[in-house]
Amino acid sequence: MSELVGRSISELKNLLAEKSVSAKEILAAHLKQVQSLDGDIKAFTCLTEERARKQADKVDEMIARGEELPALAGIPVAIKDNICVAGYPTTCSSKILANFIAPYEATVAQRLDQAGALFIGKTNMDEFAMGSSTENSALKITANPWNLERVPGGSSGGSTAAVASGMTVVALGSDTGGSIRQPAAFCGVSGMKPTYGMVSRFGLVAYASSLDQIGPLARSVEDAAITLSVIAGYDKKDSTSIPDRQRNQTAQFETALTQSADKLMKGLRVGIITELTGEGIEPEIVSSIRAAASTFEKLGAKVVDVSLPYAKFALPVYYLIATAEASANLARYDGVKYGLRETEGDCSASILQMYMSTRSRGFGAEVKRRIMLGTYALSSGYYDAYYKKAQQVRRLIKNDFDSVFQNCDVLISPTSPTVAFKIGEKTDDPLSMYLSDIATIPANLAGLPGISIPAGLGKDKLPVGLQILGNALSDAVVLKVAHAFQQSTDFHNRQFPGLAAVG
Ligand code: GLN
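Per the numbering used here, the sequence shown starts with residue 671, numbered consecutively.
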């Protein structure tokens, strides 16, 4: 493994500043890592090397001219394949978009580009971000770097596996019901879903628009915070983007990380979500979360038990709202405007036949299941009983959070009820797959920020994720608590164990 791989943003930036390495060399080291590992891990759907090389040259010229470097100058970044990078494919790991080249750039990609980041490539995902294991990709199955027979989690499995295996320094994922946090837990990295509206969704292919949020994946909270500072901000192209005047303390997330752990934690109130630390959660995971709670106590925080009584309805509520929104968002893939057009060789096919063959060939089984579920929940006669009821319960879940946040600064729970499961273990049982997100979905329904960070090893010596949730707009508090934990533990430094077997 090259000595430039596995480094933090600040280490790499120091090396650049003191001219002991060039951006070109950083890029080459990471591309080499991709070459030697991605054959087994299969994290990338395409490489964007050419663009990265141009950017590396620009950064090296800036260094030569003695200019100050922007936040991510020379830092390799991977981007989930549902986020548009102009001129490159955006497939959402679906056959229906297999030949689609993004004609424009997502706001997050523009921001990363302006910050000097090197785009390594686009990453594999569950088709249209529907899934918890990246096995729903129509393109390939990504493996977990810790154990190649296990899933990396999903749906941002490609981005997460790329970070965990050192093929990139940071990556972007999207989280609709847990798709950043759950894979972060499975691969032993830090992954954050910001407050809804914190990061622009312009250029993110919509799955369930009221829940989707882009966020960073990194090997430390510090690197996630630096990346979030770059991508967050008001964007007039996204009507749900939070205006500047409401973004109080949150502009510079990394400033939350400048104090020592006990200063950061002194006097903070941490609530343990009781509904998520009992039945149905692997016992090793529960003990890691309890151990994390005592770490916080030792640092001066007060830990209390809290209850979210309506959280038990989060899963059915989510699978009604998310599928309803998905059925509307995915109506645009009809063979006319985007991607695949299927006439089955019959040039005289009617437009209806063309729609039907395009959609039946283009979408995978899980996507079809969800379009059907969502269409049903929205149909006249069932709307009130399902969709409207789900929206009402969504409000009750939000109310639960509002009341516990009157007494707590952050909440903690496991990120996932299990460690990474085996490839193929849950593919025939969608319900058990849906249960993987039981702990992450409530935050999406309520629009709250949450992070998953490594908190130890569980069953089969696989990583356990600790989830930290905050109130709306308190993303900086979440980062602060997560950083305090990483300053006083070394779970996040235990990386790449699978690489010996691979390389
Ligand atoms: N696993 C959940 C789903 O399948 C969440 C996906 C996501 O966050 N994109 O919908």
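C-beta: ideal position from N, C-alpha, C; glycine also.
A quick note: this is a predicted structure, and the numbers were derived from the prediction, not measured.
Simplified DSSP state of residue i, which is helix, strand or coil
| i | result |
| --- | --- |
| S1083 | strand |
| M1024 | helix |
| I814 | The sequence given here has Asn at residue 814, not Ile. Three-state DSSP puts N814 in a strand. |
| C1199 | Absent from the model: residue 1199. The displayed extent of the chain is 671 to 1173, so no value can be given. |
| R939 | strand |
| L739 | coil |
| R820 | strand |
| F983 | helix |
| K968 | helix |
| T1088 | coil |
| F789 | strand |
| D893 | helix |
| F714 | strand |
| D975 | strand |
| P1100 | helix |
| I955 | helix |
| L1043 | helix |
| V1006 | coil |
| I1067 | helix |
| A992 | helix |
| G885 | strand |
| A902 | strand |
| A1060 | helix |
| V748 | Correcting the residue type first, residue 748 is Ala in the shown sequence and not Val. Here A748 sits in strand by DSSP. |
| I733 | helix |
| I766 | helix |
| V839 | coil |
Cutoff 6 Å; reference residue i; Cβ partners in own chain excluding five residues on either side
| i | result |
| --- | --- |
| T1088 | E952 |
| A841 | A748, S829, A832, V833 and L887 |
| A855 | T1085, S1086, S1122 and G1135 |
| A785 | P740, A741, L742 and V900 |
| R677 | none |
| P746 | H700, L788, I790, T838 and V839 |
| L1043 | T993 |
| D783 | none |
| Y962 | For the record, residue 962 in the displayed sequence is Ala; it is not Tyr. A1125 and L1136, listed in sequence order. |
| P913 | Y904 |
| M1103 | S802 and K1096 |
| A1174 | Nothing can be reported for residue 1174, as the shown portion of the chain is limited to 671 through 1173. |
Own chain, CB closer than 7 Å to residue i, minus 5 neighbours either side, in chain order
| i | result |
| --- | --- |
| E945 | S977, L978, A981 and K982 |
| Q1156 | S890, V891, I1123 and H1162 |
| A1060 | V987, L990 and I991 |
| C716 | Y758, P759, G791 and K792 |
| E775 | C754, V755, A756 and G873 |
| S879 | E995 and N999 |
Beta-carbon gap between residue i and residue j smaller than 7 Å
| i | j | result |
| --- | --- | --- |
| Q883 | Y866 | yes |
| T1028 | R1011 | yes |
| K863 | G885 | yes |
| I790 | A902 | no |
| I955 | G847 | no |
| M837 | Q703 | yes |
| Y1025 | D1054 | no |
| E1162 | P1124 | For the record, residue 1162 in the displayed sequence is His; it is not Glu. A contact, by the Cβ cut-off of 7 Å. |
| P822 | T804 | yes |
| K1096 | E819 | no |
| R939 | K968 | no |
| L934 | K1150 | yes |
| F770 | G1009 | yes |
| S1158 | A931 | yes |
| G858 | P1133 | yes |
| I811 | S826 | no |
| I711 | G744 | no |
| S870 | S909 | no |
Other residues of its chain near residue i: CB distance less than 8 Å, five sequence neighbours each side excluded
| i | result |
| --- | --- |
| G1034 | S764, K765, E797, N806 and A808 |
| Y877 | N752, F798, A799, M800, S844, T846, A992, E995, A996 and N999 |
| D1130 | N817 and V1089 |
| A984 | I1067, I1108, I1111, P1112 and L1115 |
heavy atom of the ligand SAH below 6 Å from residue i C-beta
| i | result |
| --- | --- |
| T718 | The ligand SAH is absent from the structure shown, which contains only the ligand GLN. |
Taking only runs of the alpha helix (DSSP H) that begin and end inside the stretch 671-710, which ones reach a length of at least 4 residues, in chain order?
679-687
Touching by the beta-carbon criterion (3+ pairs, under 8 Å), the stretch 957-976 and the stretch 993-1002:
no
Between the stretch 1061-1081 and the stretch 1114-1131, do three or more beta carbon pairs fall short of 8 Å?
yes
Taking the runs of the beta strand (DSSP E) that are 3 residues or longer, which of them lie wholly in the stretch 1110-1161?
1120-1127 and 1133-1140
Stretch pair the stretch 730-739 + the stretch 747-767: three plus CB contacts closer than 8 Å:
no
Inside the stretch 842-882 only - alpha helix (DSSP H) runs reaching at least 4 residues:
851-857
Count the C-beta pairs between the stretch 751-761 and the stretch 770-779 that are closer than 8 Å, then say yes if the count reaches three, no if not.
yes
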